[in-house]
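Quick notes on the structure that follows.
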Amino acid sequence: MNRDSLTMESDIVNWSNKEVLDLLHRDKLSSYIIDICKSHDIDGQCLLSLIDRDFYEYPFDQLKLGERKRFILVVKRLQKNNRHAMFELGLCDDQLSNPSTNINFLGTNLSHLSYNLHKKMSSEFTYERNTECFNTDVKASKLKPEIWKTALALGYVFLVTWVTAVVMVIVHDKVPDMKKYPPLPDLFLDNVPHIPWAFDMCEITGSLLMAIWLVVLFFHKHRFIILRRFFALAGTVFLLRCFTMLITSLSVPGSHLKCEPRSYPPADDLTVWGRRLRQAYDIWSGAGMSVRGVRTCGDYMFSGHTVALTLLNFFITEYTSRNLYLLHILTWVMNMFGIFFILAAHEHYSIDVFIAFYITSRLFLYYHTLSNNQALMQNDSSRTRIWFPLLSFFESEVDGIVPNEYEGPVMIMQNLKQWCVQLLTDVRESSMAKIAGTKLQEGAAMGEYSVVRLVDGIKKNLSLVEEFKNSRERLVTLDKNIQACMLDEHTDSELRHRNLAGLAGDSLLKEFSNPPSPILKKSI
39 MNRDSLTMES DIVNWSNKEV LDLLHRDKLS SYIIDICKSH DIDGQCLLSL
89 IDRDFYEYPF DQLKLGERKR FILVVKRLQK NNRHAMFELG LCDDQLSNPS
139 TNINFLGTNL SHLSYNLHKK MSSEFTYERN TECFNTDVKA SKLKPEIWKT
189 ALALGYVFLV TWVTAVVMVI VHDKVPDMKK YPPLPDLFLD NVPHIPWAFD
239 MCEITGSLLM AIWLVVLFFH KHRFIILRRF FALAGTVFLL RCFTMLITSL
289 SVPGSHLKCE PRSYPPADDL TVWGRRLRQA YDIWSGAGMS VRGVRTCGDY
339 MFSGHTVALT LLNFFITEYT SRNLYLLHIL TWVMNMFGIF FILAAHEHYS
389 IDVFIAFYIT SRLFLYYHTL SNNQALMQND SSRTRIWFPL LSFFESEVDG
439 IVPNEYEGPV MIMQNLKQWC VQLLTDVRES SMAKIAGTKL QEGAAMGEYS
489 VVRLVDGIKK NLSLVEEFKN SRERLVTLDK NIQACMLDEH TDSELRHRNL
539 AGLAGDSLLK EFSNPPSPIL KKSI
């Protein structure tokens, strides 16, 4: 294709349907495709926005294989030459402009890749679609720090390391007798002489890896998420180590080691366990490192130093940029040399180191595979919760790959200041809410007391009303009785007066009917 054609195609975003048809004629595509583009008014922007499934659905579902492939190649070429225009239209990410990355010029995402074509697509396209799915980086859309989960993970690893220290004391007290049980045959230990300073070099190597890991944590934007993952994995591996140490006691791997069970003075069990816990605290506070004065025996299956070296190496390489390949080579070399130093010091059998590296690396890969692909967890969530309970809990708010984004010291200080201000604001609001809640409770108590008094007053008033009604009824009844009594007395008095009047009349009639005697007249 000549330069003029490339120049024309670089301005496809402004093409009309006629110019698209001219391009299809020029590329000698079939008349069926040209008719489809003409009838459906496909312009330049429509060509740029075509995705994989569009080539296999209506109206392109009836295309022959050769027609479809040629049309796809033309569209891919146009999309490749117009990346900037696609970015301006929101059809692709800005990172697609980097030619060193795996570019998907069709602008597909997971929803397109997982789209069900209802068994219409060919096996060839299925293979291409799956290949694209594996090559696509699915970045997480929500990345909450969830500091409280990180604090729980820190508590978990503290608890596990304390249990590990107690178990190390127990297995030290039951270490096999070196005279009765000599070192086991070992391919590496039998052919490599003992190097006295090798174990100290192993711990120095581990300290350097820890320093690099702390620097990565300090500048990483999502430090709380990856720190939570580190604590969860470290705690789980060391918890598994507690069981393997207790199950089988291996003989001492080197004759240079002075290992024998501790002897305790005659005392009760409580005193003996108190001394054991004191020794466990010394191991726990010294992080199990010989450079800090910790010397233990019997804790061979599997190597805790190999676990620490491998975890630090894997986390550094996972959460730093892929361009820092020199750093990754350095951490891998330090990991391998640390393992070599452990064996050269004759502190562990070869099987201890191999099992430690295998378990640690597998758990790291399993954890990150599931956390980076939430679809796997959701499709089998019940089994995931049973076998990976910490993963289900800690990664519930992470729905994809954690990007390696970093912050400078200024940004870190600003975020720390903002976090402190937010913390003070939350504390102040919580205290004010607490005071308001107290006042509200007091007001509610006073309101309840007032309501109780009001109800008591209403009850008293109702009782008074009831008593008034009863009294009124009694008064009405008494008044009726009085009136009845008065009426009876009045009737009796009238009858009495009538009787008296009758008697008086009779006497007067009697007197008038009998004239007075002469003596009476004389006296009158």
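Quick note: the sequence shown uses the working numbering, first residue 39, plus one each step.
C-beta atoms are modelled at their ideal positions from N, C-alpha and C, and glycine is treated no differently.
Could you have a look at TYR70 and say whether DSSP puts it in helix, strand or coil? helix
Beta-carbon separation (whole angstroms), ASP224 vs SER388, contact threshold 8 Å: 5 Å
Here's a check: name, in chain order, each residue in its chain whose Cβ is nearer than 6 Å to the Cβ of ARG267, leaving out the five neighbours to either side. none
Do you know offhand how far GLN412's Cα is from PRO447's? 33 Å
For ILE520, which three-state DSSP category applies? helix
If you reduce the DSSP assignment to three classes, tell me which class ILE439 lands in. strand
What residue range does the alpha helix (DSSP H) around ARG330 cover? Taken as a continuous stretch (DSSP letters only), ARG330 belongs to no alpha helix (DSSP H), as it is neither H nor E.
My parser needs the alpha helix (DSSP H) runs of 4 or more residues fully inside the stretch 320 to 376; what are they? 342 to 356
Measuring CA to CA, which of THR344, GLU385, THR355, LEU349 is closest to PHE375? THR344
Environment of MET524 [buried if 16+ CB atoms lie within 10 Å]: exposed
Less than 9 Å between the beta carbons of LEU408 and ALA270, yes or no? no
Note down the Cα distance separating VAL514 from GLN479, rounded to an integer number of angstroms. 51 Å
Whether or not the stretch 356 to 373 and the stretch 317 to 325 are in contact is what I'm after, with contact meaning three or more pairs of Cβ atoms, one per stretch, closer than 8 Å; do they touch? no
Does the CB of MET339 have a neighbour CB from chain B at under 9 Å? Reference to chain B is not applicable here, since this structure consists of a single protein chain.
So is PRO303 buried or exposed if we call it buried at 16+ other beta carbons inside 10 Å? exposed
Residue from GLY342, THR355, TYR194, LYS507 whose Cα sits closest to the Cα of MET283: GLY342
To the nearest whole angstrom, what separates the beta carbons of PRO299 and ASP437, a pair I think is in contact under 8 Å? That belief does not hold up - the Cβ atoms of PRO299 and ASP437 are roughly 52 Å apart, past 8 Å.
Extent of the continuous alpha helix (DSSP H) run through ASP60: 55 to 64
On the three-state DSSP scale, how would you describe TYR405? helix
Straight-line gap, ASN55 to PHE93 (C-alpha atoms, nearest Å): 18 Å
Determine the direct distance from the alpha carbon of LYS455 to that of VAL465, and round the result to whole angstroms. 15 Å
Can you list, in chain order, the residues of its chain whose CB lies under 8 Å from that of HIS260, leaving out five sequence neighbours each side? LEU181, PRO183, VAL440, PRO441, GLU443
Mark ASP49 as exposed unless 16 or more other C-beta atoms lie within 10 angstroms of its C-beta, in which case mark it buried. exposed
Pull up the distance between the alpha-carbon of THR274 and that of ALA249, whole angstroms please. 22 Å
First and last residue of the alpha helix (DSSP H) that includes TRP186? 185 to 211
If I'm right that PHE395 touches THR334 with Cβ under 8 Å, what's the distance once you round it to whole angstroms? Not quite, the Cβ-Cβ distance comes to about 21 Å (not below 8 Å), so this is no contact.
Span separating the alpha-carbon of PRO291 from that of PRO221: 5 Å
Could you give the C-beta distance for ILE264 and PHE353, rounded to a whole number, given that I count them as a contact under 8 Å? 7 Å
My assumption, with CB atoms under 8 Å, is that LEU227 sits in contact with LEU381. Please give the rounded CB distance. 7 Å
Let me know if PHE506 comes out buried or exposed under the rule of 16 or more other beta-carbons within 10 Å of its beta-carbon. exposed
Alpha-carbon spacing of SER565 relative to GLY82, whole angstroms: Residue 565 is absent from the model: the chain starts at 39 and stops at 562.
Let me know if ILE321 comes out buried or exposed under the rule of 16 or more other beta-carbons within 10 Å of its beta-carbon. buried
Is HIS258 helix, strand or coil by DSSP? strand
Report the partner residues of TYR96 according to the DSSP bridge assignment. Answer by DSSP bridge pairing: none, since TYR96 is not bridged.
Could you check where the alpha helix (DSSP H) with ALA383 kicks off and where it finishes? Run containing ALA383: none; DSSP gives neither H nor E here.
Which residues in the same chain have their Cβ closer than 8 Å to the Cβ of ARG423, if we skip the five residues on either side of it in sequence? SER430
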